[in-house]
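See structure below.
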Amino acid sequence: MHRTGFRWSLALVTPLAAGTLLMLGVAYWLGTYALHRTIDQAVLEQLDLLSARPASLLPFMIRSRMVQRPAMVTDVGLFTAEGRPMVGDITVLPRGLPLDGKVRTVEAAERPGTGLLRERAAGRILANGRILVVARDTSDIAALRDSLLRGLAIAALPAFLVSLALAILIERRTRRRLEEMRRASERIIAGALDHRLPRRAGGGELDELAGTVNRILDRLERVVRALQEVGENIAHDLRTPLTAVRARLERAGNHAETSGAVRAITAQAIGGVDQALSIVSALLRIAEMEQGRQIAAFEPCDLVALIGELVGSYLPVAEEHGIALHTELTIPATVAGDRDLLIEALANLLENCLKFTPAGGHVTIAIIGTTRQPIVRIRDTGPGIPPARRPLVFGRFYRGEEKRGSGGIGLGLSLVAAVIRLHGFAIRIFDASPGCIVELRCWQHGLAEAWPPPEEAPDLAPSIAAPEALSALPPGGADPPPTMHPAPPPGR
Amino acid sequence: MAKVTRILVIEDDPAIAREVVAALQHHGYGTDHAENGAQGLDAARSGEFDALVVDCLLPECDGLSLLRRLRSAAVRTPALILSALGTTDDKVSGLRAGGDDYLVKPFATEELLARLEALLRRTTANAETALRIGTLHLDLIERRAWRGNRSLDLLMREFKLLEYMMRHAGLVVTRSMLLEDVWNYRFIPKTNLVDVHMGRLRRKLELGGEAPIIESVRGIGFVLHVPD
Chain S
788 MHRTGFRWSL
798 ALVTPLAAGT
808 LLMLGVAYWL
818 GTYALHRTID
828 QAVLEQLDLL
838 SARPASLLPF
848 MIRSRMVQRP
858 AMVTDVGLFT
868 AEGRPMVGDI
878 TVLPRGLPLD
888 GKVRTVEAAE
898 RPGTGLLRER
908 AAGRILANGR
918 ILVVARDTSD
928 IAALRDSLLR
938 GLAIAALPAF
948 LVSLALAILI
958 ERRTRRRLEE
968 MRRASERIIA
978 GALDHRLPRR
988 AGGGELDELA
998 GTVNRILDRL
1008 ERVVRALQEV
1018 GENIAHDLRT
1028 PLTAVRARLE
1038 RAGNHAETSG
1048 AVRAITAQAI
1058 GGVDQALSIV
1068 SALLRIAEME
1078 QGRQIAAFEP
1088 CDLVALIGEL
1098 VGSYLPVAEE
1108 HGIALHTELT
1118 IPATVAGDRD
1128 LLIEALANLL
1138 ENCLKFTPAG
1148 GHVTIAIIGT
1158 TRQPIVRIRD
1168 TGPGIPPARR
1178 PLVFGRFYRG
1188 EEKRGSGGIG
1198 LGLSLVAAVI
1208 RLHGFAIRIF
1218 DASPGCIVEL
1228 RCWQHGLAEA
1238 WPPPEEAPDL
1248 APSIAAPEAL
1258 SALPPGGADP
1268 PPTMHPAPPP
1278 GR
Chain W
13 MAKVTRILVI
23 EDDPAIAREV
33 VAALQHHGYG
43 TDHAENGAQG
53 LDAARSGEFD
63 ALVVDCLLPE
73 CDGLSLLRRL
83 RSAAVRTPAL
93 ILSALGTTDD
103 KVSGLRAGGD
113 DYLVKPFATE
123 ELLARLEALL
133 RRTTANAETA
143 LRIGTLHLDL
153 IERRAWRGNR
163 SLDLLMREFK
173 LLEYMMRHAG
183 LVVTRSMLLE
193 DVWNYRFIPK
203 TNLVDVHMGR
213 LRRKLELGGE
223 APIIESVRGI
233 GFVLHVPD
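So, in structure tokens, the structure goes:
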């Protein structure tokens, strides 16, 4: 952890230091070589220019240069063949300067008012044997270079130090945040599923990341809670019949006198075991569907015929319950699906309506929407489902609280949900005040080529799980949604 | 004395095999038991059985390929497939492989017996145009029904139900058999769907004060009595 942090700040500071060094190098190079080249050129030019003049005119020209001196950057000296100065600003022949016309650095002799100077100088023996020397003082360049280097040192060093400090600060802050996140993660790993990664105001990438991770955790928490609930509900729903079975068998073993009595008790016990087994088999079927294994069996299913047939079967059942069962099947609709599963899902929804609608009520199954996207709409005049419970009814083992213990197994609607998920359909619950509307949005057969169908299809869970999605979406029917019931009737 | 009906049970689970064999013997069948596919195949090839009960998952040679090999060897003995829980898509492949009926474990013994009876009774040719049992008469082409001289006003579903009961006359027919064969449903409704329809059919059959001809068999299903 620490080493990583150190490396991190090192990585940040190294290019900065390298940049500073490079700048210093450029300044030094500029002061030492680049400007010297320009000087050397000027010296040579002057040497060539003057040595090309007629020898008789040269002393005069040099003297006139001296008058214009402020304009001239080079010094000139003319010496006799013996090295005595004749005319010019250079009064002493630079020691050790080969008179070959090449520019060299020399220690110039002192001149009035100046100390020892470094100069770039070149000398040449003229045709009449005299010696011409041209020189250029480099002390100003050296001064420029030195002040440049000094300036850079003054400016760059603090900048370097400040950025180093900043880097360390940022690194430590980041390390602290990462450490906080790590600790939070450890807590979550240890089982604190409601714990979240810390976020700070002001955003930043780490906060965005923390936000994303937190959203994942929200979703996971919901799933885990649902699973826990399912586990508890399964245990409860299995224990109820099995406890009864156990009690009955015990009674048969201890008290049944006649074989008839034993047989009666055994029959009851078998009923209880069957109930437990039906729970297990329903769970397995849902699990199987959720793995999406059955898509291969999809075929075109005529919804109108399918619903017509189903309603024909359930009409007598509805009549027995004193409920009027209507259909409105005017829109032709064919969907791609598993016929058996679609029938089972619709039958389940229908049976649910019949179960909860009081005698004298109505249940209507209609196909609305378009042929392209048909919607099966089942409306009843039952007690309705309060909005808060709507997302729950498709979960495994949900049933209205007051129904708990009445023996109904809350797997029917979760099986419906599994069938719908498998088909890529969507289901919504609305208020019909009074009663309840369930809408099943399907896809026309043939649109299924790009299987699974767009967006909401592959994962139905969010639209089922998020209550806002359920209440926000208007029913897809021709008639507008009835407004929310003022006082939601008791749930199912 | 009538020949004993012989049934071959091909099942590797000793507990289930023991129960099935016991139940079959209790009901007067002669039974043989094969513990694996290879044994089962050899025994079934002999052709001396009237029906087979075949488990789907078998060591050495699984139930489906066993059936496939039997059928390709022209052994037509009716076969009832037993399958493990929660593998619905096995049903289609089971029937395609040459099975005649399909039962998911766990099952009630009565369900097994009823289905086996129906298999043993099954006649291959269903080309009749009319069915007649006692005073009951069904015209399969015109879709009309009579009890004696009284014409029965039956809905489509009731007609199909009566036809099925008449084809299985004298046999116990379970609710799940009716759901599968008359309704084509692959699930068990939570409502008393079958009973409601059966109740209406029975009322219509007895409307003229005739004696009941279809009776409930408690906890199992229904039976249409053949008059002596």
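Chains S and W, in that order, are what the protein sequence lines are. In this text, residue positions in the first sequence follow the working numbering: the first is 788, and each later residue adds one. In this text, residue positions in the second sequence follow the working numbering: the first is 13, and each later residue adds one. Glycine included, every Cβ here is placed at the ideal spot set by N, Cα and C.
Between which two residues does the alpha helix (DSSP H) containing G875 of chain S stretch? Note, G875 of chain S: premise wrong, no alpha helix (DSSP H); beta strand (DSSP E) at P872 to G875.
Given a cut-off of 8 Å, decide if E122 of chain W and T186 of chain W are closer than it, judged by their beta-carbon atoms. At a Cβ-Cβ threshold of 8 Å, T186 of chain W and E122 of chain W count as neighbours.
Jot down the residue ranges of each uninterrupted alpha helix (DSSP H) in the stretch 932-1006 of chain S, minimum 4 residues, whole runs only, in chain order. none
Do you know how far the Cα of R905 of chain S is from the Cα of T925 of chain S? 6 Å
Hey, is L205 of chain W's beta-carbon within less than 8 Å of any beta-carbon in chain S? True, the Cβ-Cβ gap to chain S drops below 8 Å.
D887 of chain S (DSSP reduced to helix, strand or coil): strand
Would you mind telling me which residues of chain W sit closer than 7 Å to I975 of chain S, beta carbon to beta carbon, in chain order? By Cβ distance, chain W contributes nothing, its closest Cβ being about 34 Å from I975 of chain S, past 7 Å.
Inter-residue CB distance, T819 of chain S and R932 of chain S (contact presumed, cutoff 8 Å): With a Cβ gap of about 7 Å, T819 of chain S and R932 of chain S count as contacting.
Could you list the residues in the stretch 1128-1143 of chain S with a C-beta less than 7 Å from some C-beta on chain W, going in chain order? I1130, E1131, A1134, E1138 and L1141
Taking a Cβ distance cut-off of 9 Å, strictly less, list which residues of the stretch 1043-1057 of chain S are near chain W, in chain order. Listed by position along the chain: A1054 and I1057.
State the start and end residues of the unbroken beta strand (DSSP E) segment that holds C1088 of chain S. E1086 to D1089 is the span of the beta strand (DSSP E), which, as asked, contains C1088 of chain S.
Neighbour flag for P786 of chain S against chain W, beta carbons, 8 Å: Residue 786 of chain S cannot be examined here, being either before or after the span of chain S that is shown, 788 to 1279.
Three-state secondary structure (DSSP) of W195 of chain W: Assigned with DSSP and collapsed to three states, W195 of chain W falls in helix.
Residue-level contact to chain W via CB, P1161 of chain S, 8 Å cutoff: no
DSSP beta-bridge partners for A922 of chain S? S:D862 and S:A908
Could you tell me which of S:H1023, S:A1219, S:E1226 and S:T825 sits nearest to I1154 of chain S, measuring between CA atoms? Closest option to I1154 of chain S, Cα to Cα, is S:E1226.
When you compare only the Cα positions, how much space is there between S1220 of chain S and L1200 of chain S? 21 Å
Taking buried to mean at least 16 other C-beta atoms within 10 Å of its own C-beta, is M178 of chain W buried or exposed? buried
Interface positions of the stretch 1086-1118 of chain S facing chain W (Cβ-Cβ less than 8 Å), listed along the chain: G1099, S1100, Y1101, P1103, V1104 and E1107
On a Cα-Cα basis, can you pick out the residue from W:K117, W:E170 and W:R133 that is closest to V208 of chain W? W:E170
Would you decide whether W816 of chain S is buried or exposed? Buried here means 16 or more other CB atoms lie within 10 Å of its CB. By the Cβ neighbour-count rule, W816 of chain S is exposed, with fewer than 16 other Cβ atoms within 10 Å of its own.
Is S228 of chain W helix, strand or coil by DSSP? strand
Report buried or exposed for G916 of chain S, applying the criterion of at least 16 other Cβ atoms within 10 angstroms of its Cβ. exposed
Complete runs of the beta strand (DSSP E) confined to the stretch 1076-1143 of chain S [at least 3 residues]: 1086-1089, 1111-1115 and 1121-1124
Buried or exposed, going by whether 16 or more other CB atoms sit within 10 Å of the CB of A1253 of chain S? Any reading at A1253 of chain S must be qualified, since the residue scores a pLDDT of 33, below 50, and its modelled position is unreliable; no value is offered.
Under 8 Å by beta carbon: chain S residues contacting V208 of chain W: P1103, V1104 and E1107
Can you give me, in chain order, the residues of the stretch 156-170 of chain W that have a beta carbon less than 9 Å from any beta carbon in chain S? L167, M168 and R169
Counting contacts by CB-CB distance shorter than 8 Å, is K15 of chain W in contact with chain S? no
Give me the residue from W:E31, W:L164 and W:Y176 with the minimum Cα distance to A130 of chain W. W:Y176
Under 7 Å between beta-carbons, which chain W residues line up against G1199 of chain S? List them in chain order, please. What G1199 of chain S touches in chain W: K202.
Candidates S:A979, S:A997 and S:G978, of which the one nearest R987 of chain S by Cα: S:A997
Can you list, in chain order, the residues of its chain whose CB lies under 7 Å from that of R1164 of chain S, leaving out five sequence neighbours each side? A1153, I1155, I1224, E1226 and G1264
Could you have a look at S163 of chain W and say whether DSSP puts it in helix, strand or coil? Strand, per DSSP.
Going by other Cβ atoms of all chains shown within 10 Å of its Cβ, with 16 needed for buried, is Q855 of chain S buried or exposed? exposed
Quick one: does Y197 of chain W have its CB under 8 Å from some CB of chain A? Of the protein chains in this structure, namely S and W, none is chain A.
Let me confirm a value: A942 of chain S is counted as buried when at least 16 other C-beta atoms fall within 10 Å, else exposed. Which label applies? exposed
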